[in-house]
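Enquirer:
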Ligand code: 4AD
Ligand code: MG
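In this note's numbering, the protein residues as written are 2 to 463.
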């Protein structure tokens, strides 16, 4: 079948004026006024194509117009450029084949549904405008990330999904086992993992970072981009049990260099999506978040704030704002604090750096003050933490000392510590929560609406 895609038609409809073409797609709406009808056809591109149906030209006119939303068609007809009309061109059909009818219970019959209802039909919702826009933007943003790092000589790594190490040390891992859970082998009253598939306790990874760091020392600059898993019992709009993380790691790179890379990357991805998905962005700006395009443009045009944790605490304490969680030096900031900084004080993305070491992971570089580590989180308005990263502790002795303090079994990490034994160097990396980036780019406020089949605490669908 020689069909033209609607997206390509929109790009070059002038050159098809008066020519006969074939398009395929699904009905978004069908209207019949006896001798003339209109079919709005969508083939997956964001914009629909208007097909004009004339009774006298189409033997099966009645069969076509009795079809319902969601039915699929193959249409052949002439392109007619219509400069006066709402849409710049339409197709005057000479032949229409009904490929597949749509049962009357097709859930998108009605024009507008609540986002909560659409969440209950994950297999169907991308056929409507909102989710079609969101998931195309997700795809385009992923491509932009690859393009950004590829243009800068980074090597794309696939780190293991199954691991024996808890990178972040938060104990939020999903176990992976083939043991019979109803009949567990025990030894000294504990589960005997030596009888398990890998002969030890293993889990789904929370981050590719530790494995990645070892390989970065072969290439100098790498990134990973894949699914990560956290059994975090946070039933919020920003937490999922499975989410995608993009984690660059860079040798010979300190915290300032790292922030430069983060800022450049975020701006690059926003710029790419705004250009490639202009129609989708316009739709989101109209129906989801009226300040979206202006906000994103501002982000691309302005420098991000770089602020020390200690200074931030000072600002929060002096703010006079009544926070639910009281602010004092040493606390892990809550989203109300993060939002106050990014939305009220600065109204732009804020790099918050040099956090207390006790609230951060073991691998972060210890600062000379003995209290803080060279960590940096990127906080953005509306979302809170978008990126978490740090300069890594490159000094073998300091790292081992910290691992001992935190009760980590140093011998389990000898493969990781090798990086500090063979050519150690100042190096840094970060992890971008990909779903949070998509929320930021689309204005969609719940993580369940930027994942095709969200996995969140308490339930799974599909
Ligand atoms: O800040 P995190 O925990 O950092 C790490 O895992 C580091 N190992 C990354 C690195 O330096 N290579 O997680 C990184 C990002 C967060 O900033 C957040 O955007 C996202 O992952 N994230 C989540 N997204 C959705 N649901 C969750 N439960 C998330 N937990 C973290
Ligand atoms: Mg973090």
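Just so you know, even glycine gets a beta-carbon here, dropped at the ideal spot from N, CA and C.
Keep in mind it's a predicted model, so treat the numbers as computed, not measured.
Run the proximity test for residue 389: is its beta-carbon closer than 8 Å to any non-hydrogen atom belonging to ligand 2?
Expert: Here residue 389 refers to the residue found at position 388 when the chain shown is read from its first residue. Residue 389 Cβ: within cutoff of ligand 2.
Enquirer: From this set, 248, 255 and 256, which residue's C-alpha is nearest residue 158's C-alpha?
Expert: Here the question's residue 158 lines up with position 157 in the chain shown. It is 248.
Enquirer: According to the neighbour-count rule (16 or more other Cβ atoms, all chains shown, within 10 Å of its Cβ), is residue 172 buried or exposed?
Expert: The residue you call residue 172 lines up with position 171 of the chain shown. Exposed: under 16 other Cβ atoms inside 10 Å.
Enquirer: When you compare the CB positions of residue 442 and residue 380, do they come within less than 9 Å of one another, or not?
Expert: Taking the first residue of the chain shown as position 1, residue 442 is located at position 441. Taking the first residue of the chain shown as position 1, residue 380 is located at position 379. Result no, Cβ atoms of residue 442 and residue 380 do not sit closer than 9 Å.
Enquirer: Comparing the CB of residue 252 with every heavy atom of ligand 1, is any distance shorter than 8 Å?
Expert: The count along the chain shown starts at 1 and reaches residue 252 at position 251. Not under cutoff, so the answer is no.
Enquirer: For residue 105, count neighbouring C-beta atoms within 10 Å of its own C-beta (all shown protein chains included) and say buried if the count is 16 or more, exposed if not.
Expert: In the chain shown, residue 105 corresponds to position 104, counting from 1. It is exposed - the Cβ of residue 105 has fewer than 16 other Cβ atoms within 10 Å.
Enquirer: Can you find the residues in the same chain that come closer than 6 Å, C-beta to C-beta, to residue 43, ignoring five residues on each side of it along the sequence?
Expert: As a working note, residue 43 is residue 42 in the chain shown. Only 26, 27, 29 and 49 meet the Cβ criterion.
Enquirer: Under 7 Å Cβ to Cβ from residue 422, same chain only, skipping five residues before and after it: list those, please.
Expert: Looking up residue 422 in the chain shown gives position 421. 397, listed in sequence order.
Enquirer: Closest by CA to residue 154, which one among 252, 169, 298 and 238?
Expert: Start at 1 with the first residue of the chain shown, and residue 154 comes out as number 153. The shortest Cα separation from residue 154 among 252, 169, 298 and 238 belongs to 252.
Enquirer: Among the candidates 255, 335, 127 and 285, whose CA atom is the shortest distance from the CA of residue 444?
Expert: Your numbering for residue 444 matches position 443 in the chain shown. Comparing Cα positions, the closest option is 285.
Enquirer: Looking at residue 233 and ligand 2, is the gap between the Cβ and the nearest heavy atom below 8 Å?
Expert: Position 232 of the chain shown, counted from the first residue, corresponds to residue 233. Between ligand 2 and the CB of residue 233, the shortest heavy atom gap is not smaller than 8 Å.
Enquirer: Three or more beta-carbon pairs under 8 Å between the region 347-357 and the region 381-392, yes or no?
Expert: yes
Enquirer: Which same chain residues end up closer than 6 Å to residue 203 when comparing Cβ atoms and leaving out the 5 residues on each side of it in sequence?
Expert: Stepping through the chain shown from its first residue, residue 203 is reached at position 202. Around residue 203: 163, 165 and 177.
Enquirer: Is residue 93 helix, strand or coil when you go by DSSP?
Expert: Along the chain shown, read from residue 1 onward, the residue named residue 93 stands at position 92. Three-state result, residue 93: strand.
Enquirer: Going by DSSP, name the residue or residues bridged to residue 98.
Expert: Indexing the chain shown from 1 puts residue 98 at position 97. According to DSSP, which records beta bridges pairwise, residue 98 is partnered with 75.
Enquirer: So is the beta-carbon of residue 248 under 8 Å away from any non-hydrogen atom of ligand 4?
Expert: The model on display carries ligand 1 and ligand 2 but not ligand 4.
Enquirer: To the nearest angstrom, how far is the alpha carbon of residue 149 from that of residue 305?
Expert: In the chain shown, the residue the question calls residue 149 occupies position 148. In the chain shown, the residue the question calls residue 305 occupies position 304. Each residue's alpha carbon lies about 19 Å from the other.
Enquirer: Starting from the C-beta of residue 188, find all residues in its chain whose C-beta is less than 8 Å away, skip the five residues before and the five after it, and write them out in chain order.
Expert: Here residue 188 refers to the residue found at position 187 of the chain shown. Result list for residue 188: 195, in chain order.
Enquirer: Check whether the Cβ of residue 446 lies closer than 8 Å to any heavy atom of ligand 1, and answer yes or no.
Expert: Looking up residue 446 in the chain shown gives position 445. No heavy atom of ligand 1 is found nearer than 8 Å to the CB of residue 446.
Enquirer: Going by the beta-carbon positions, is the gap between residue 358 and residue 307 smaller than 9 Å?
Expert: In the chain shown, counting from the first residue as 1, residue 358 sits at position 357. In the chain shown, counting from the first residue as 1, residue 307 sits at position 306. For residue 358 and residue 307, no; Cβs fall outside 9 Å.
Enquirer: From the DSSP output, which residues share a beta bridge with residue 103?
Expert: Here the question's residue 103 lines up with position 102 in the chain shown. As DSSP reads the structure, residue 103 sits in no beta bridge.
Enquirer: Among residues of its own chain, excluding the 5 on either side of residue 368, which ones have a beta-carbon nearer than 7 Å to its beta-carbon?
Expert: Mapped onto the chain shown, residue 368 falls at position 367. Counting only Cβ-Cβ distances below 7 Å, and skipping sequence neighbours, we find 355, 374 and 375.
Enquirer: Can you pull the DSSP bridge partners for residue 158?
Expert: Within the chain shown, the letter at position 157 stands for residue 158. Residue 158 pairs with 225.
Enquirer: My understanding is that residue 147 touches residue 448, with C-beta atoms under 8 Å, so please give their C-beta distance in whole angstroms.
Expert: As a first step, residue 147 is located in the chain shown; it is residue number 146 there, counting from the start. As a first step, residue 448 is located in the chain shown; it is residue number 447 there, counting from the start. 22 Å between Cβ atoms; not a contact.
Enquirer: Under 8 Å, with one C-beta from each stretch per pair, do the region 81-98 and the region 50-61 reach the 3-pair mark?
Expert: yes
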